[in-house]
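Report on the following structure.
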Amino acid sequence: MRARARPTGAAEKGGALTLASRRARNNGSQSGRRLCVAFLTVTSVPALGQASALDPAGAEASSIATLFWAMVVGGALLWLFVVSLMLYGIRRRRRVHDEWTAGRLIFWAGAVFPVVTLFLLLGYALWLMPQLRPWAPAQAAATLRIEVEGRQFWWRAVYHRPGDQPVVTANEIRLPVGERVEFTLTSSDVIHSFWIPPLGGKMDMIPGRTNRLSILATKPGTFRGPCAEFCGASHALMAFSAISMEPEAFRSWLAAEAGPARPQPSDGARLFVENGCGACHTIRGTAASGEVGPDLTHVGSRLMIGAGTLPNTEEAIARFIAEPDVVKPGSTMPPFRMLPETEIRAMAAYLKALQ
Ligand code: CUA
Numbered sequence: 011m012r013a014r015a016r017p018t019g020a021a022e023k024g025g026a027l028t029l030a031s032r033r034a035r036n037n038g039s040q041s042g043r044r045l046c047v048a049f050l051t052v053t054s055v056p057a058l059g060q061a062s063a064l065d066p067a068g069a070e071a072s073s074i075a076t077l078f079w080a081m082v083v084g085g086a087l088l089w090l091f092v093v094s095l096m097l098y099g100i101r102r103r104r105r106v107h108d109e110w111t112a113g114r115l116i117f118w119a120g121a122v123f124p125v126v127t128l129f130l131l132l133g134y135a136l137w138l139m140p141q142l143r144p145w146a147p148a149q150a151a152a153t154l155r156i157e158v159e160g161r162q163f164w165w166r167a168v169y170h171r172p173g174d175q176p177v178v179t180a181n182e183i184r185l186p187v188g189e190r191v192e193f194t195l196t197s198s199d200v201i202h203s204f205w206i207p208p209l210g211g212k213m214d215m216i217p218g219r220t221n222r223l224s225i226l227a228t229k230p231g232t233f234r235g236p237c238a239e240f241c242g243a244s245h246a247l248m249a250f251s252a253i254s255m256e257p258e259a260f261r262s263w264l265a266a267e268a269g270p271a272r273p274q275p276s277d278g279a280r281l282f283v284e285n286g287c288g289a290c291h292t293i294r295g296t297a298a299s300g301e302v303g304p305d306l307t308h309v310g311s312r313l314m315i316g317a318g319t320l321p322n323t324e325e326a327i328a329r330f331i332a333e334p335d336v337v338k339p340g341s342t343m344p345p346f347r348m349l350p351e352t353e354i355r356a357m358a359a360y361l362k363a364l365q
């Protein structure tokens with residue numbers, strides 16, 4: 011009682027002190043509130059929409075989500091137990107335990123209980139591991155393989171179909187539901203990391219190395235795949251759309267994607283050639299055959315442009331052509347803001363029409 015009364019008495023003596031203590035208390039509650047908001051933000055991020063690992067749409071992601079919840083429950087039980095022990099320790103009426111009781115308490119609650127709980131959680135995690143990183147099936151040659159190459163700051167994707175020509179595209183990964191797909195992951199510059207949270211775990215893309223990842227989508231949906239390894243100025247702007255589709259729809263999409271672009275002759279098409287865009291970008295079916303930037307053969311049909319940076323509209327494409335250095339700092343595409351706006355718009359219309 012005395013200990014609690016002391017600061018109040020001291021505060022009453024001087025107005026300045028009262029103000030200071032009130033301010034301290036306000037600061038305390040404010041920073042507490044801020045901490046609370048920060049905690050809620052951080053904990054709710056994995057639960058958000060298209061990139062949620064807790065709303066799985068794939069076999070591996072389901073196992074990861076199950077493991078996550080098992081760990082949360084296990085961790086919460088341990089925490090509750092430790093807090094109860096602490097409350098027991100600081101209880102009002104303390105009574106000294108005899109040595110035998112204290113020894114038993116330390117043995118059971120301090121050694122046996124945590125070892126058993128942690129052992130169970132670890133055992134469960136190890137048992138789950140083969141499901142988190144399954145190998146591609148032995149008859150891998152018969153299945154679809156998607157080769158994805160990370161580049162600063164976009165994704166080059168090549169679909170290898172058994173017994174057919176590979177299909178090159180960029181910044182959008184589509185895969186059939188219910189069929190295991192094998193990914194081979196590489197990088198041509200720095201380390202990136204390939205991750206579709208609702209479908210499976212992440213895997214690094216390392217220069218000079220090919221990593222393999224196998225994914226089985228179980229539900230159709232549209233997801234966001236962020237680059238999960240810091241790779242430079244626009245790391246946070248390096249993402250792709252991942253779309254799991256019914257197998258029939260997937261096959262007709264891939265067949266269409268394999269075909270060349272069929273552009274109408276237009277000012278935009280002419281300007282694209284005249285400005286040298288074809289030196290960096292490929293548009294199959296035209297003279298543009300550059301390999302430096304993303305393949306644009308069917309760019310108009312993608313959900314996003316600039317590797318998950320802007321929605322795919324004429325307006326956004328025009329903006330990207332004019333100022334890629336602003337939209338995506340550090341990207342190798344030079345800005346074309348010196349061109350008249352009408353010309354930029356004509357090129358944007360041409361690209362949007364490449365369905
Ligand atoms: Cu690529 Cu981060």
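In this text, residue positions in the sequence shown follow my numbering: the first is 11, and each later residue adds one.
C-beta: ideal position from N, C-alpha, C; glycine also.
Treat the numbers as computed from the prediction; the structure is a model and nothing was measured.
Asked                                                                                                                                                              : Found
Report the rounded CA-to-CA distance for residue 341 versus residue 268, giving the unit in angstroms.                                                             : 27 Å
Just to check my reading of the structure: residue 214 and residue 224 have Cβ atoms closer than 8 Å, yes? What is that Cβ distance to the nearest angstrom?       : That pair is no contact at about 16 Å.
Using a Cβ cut-off of 8 Å (strictly closer), state whether residue 73 contacts chain B.                                                                            : Absent from the structure is chain B; it holds one protein chain and no more.
By the 10 Å Cβ neighbour count, where 16 or more other Cβ atoms means buried, how is residue 107 classified, buried or exposed?                                    : exposed
Measure the alpha-carbon distance for residue 13 versus residue 112 and round it to whole angstroms.                                                               : Unreliable positioning characterises residue 13 in this predicted model, as indicated by a pLDDT of 40, which lies under 50. The coordinate reading is nonetheless provided below. Residue 13 and residue 112: Cα-Cα distance of roughly 29 Å.
Determine the DSSP secondary structure at residue 359, reduced to helix, strand or coil.                                                                           : helix
Considering only their Cβ atoms, is the gap separating residue 272 from residue 300 smaller than 8 Å?                                                              : no
When we look at the beta-carbon of residue 137 and count the other beta-carbons within 10 Å, is it buried (16 or more) or exposed?                                 : exposed
Going by beta carbon distance, what residues of the same chain come within less than 8 Å of residue 364, once the five residues before and after it are set aside? : 271, 273, 293, 306, 307, 308, 309, 310 and 311
Per DSSP, residue 185 forms a beta bridge with which residues?                                                                                                     : 254
By Cβ distance, which residues of its chain are closer than 7 Å to residue 205, with the 5 residues on each side in sequence left out?                             : 212, 235, 236 and 238
If you reduce the DSSP assignment to three classes, tell me which class residue 330 lands in.                                                                      : helix
Would a C-beta distance cut-off of 8 Å place residue 222 and residue 196 closer than the cut-off?                                                                  : no
With burial defined as no fewer than 16 other Cβ atoms inside 10 Å of the residue's Cβ, what is the status of residue 89: buried or exposed?                       : exposed
With residue 203 as the anchor, note down where its beta strand (DSSP E) starts and where it stops.                                                                : 202 to 204
If you reduce the DSSP assignment to three classes, tell me which class residue 349 lands in.                                                                      : coil
For the alpha helix (DSSP H) containing residue 278, name the first residue and the last one.                                                                      : 277 to 284
Is the CB-CB distance between residue 328 and residue 320 below 8 Å?                                                                                               : no
Is residue 240 near ligand 1 - that is, is its Cβ less than 7 Å away from at least one heavy atom of it?                                                           : yes
Near residue 185, what residues of its chain come up, given a Cβ to Cβ distance below 6 Å and the 5 sequence neighbours on each side ignored?                      : 191, 227 and 254
When you measure from the CB of residue 160 to every non-hydrogen atom of ligand 1, does any distance come out below 7 Å?                                          : yes
Rounding to the nearest angstrom, what Cα-Cα distance links residue 252 and residue 263 in this structure?                                                         : 14 Å
Measure how close the beta-carbons of residue 84 and residue 131 come, nearest whole angstrom, since I'm counting them as under 8 Å.                               : 5 Å
Between the Cα of residue 166 and the Cα atoms of 173, 175 and 182, which residue gives the shortest distance?                                                     : 182
In this structure, does DSSP put residue 155 in helix, strand or coil?                                                                                             : strand
Please report the residue range of the beta strand (DSSP E) in which residue 233 lies.                                                                             : 231 to 236
Taking the straight line between their C-alpha atoms, what separation do you get for residue 189 and residue 257?                                                  : 8 Å
Whole angstroms is fine: what's the gap from residue 124's alpha carbon to residue 143's?                                                                          : 28 Å
With 16 other CB atoms within 10 Å as the buried threshold, where does residue 366 fall?                                                                           : Absent from the model: residue 366. The displayed extent of the chain is 11 to 365, so no value can be given.
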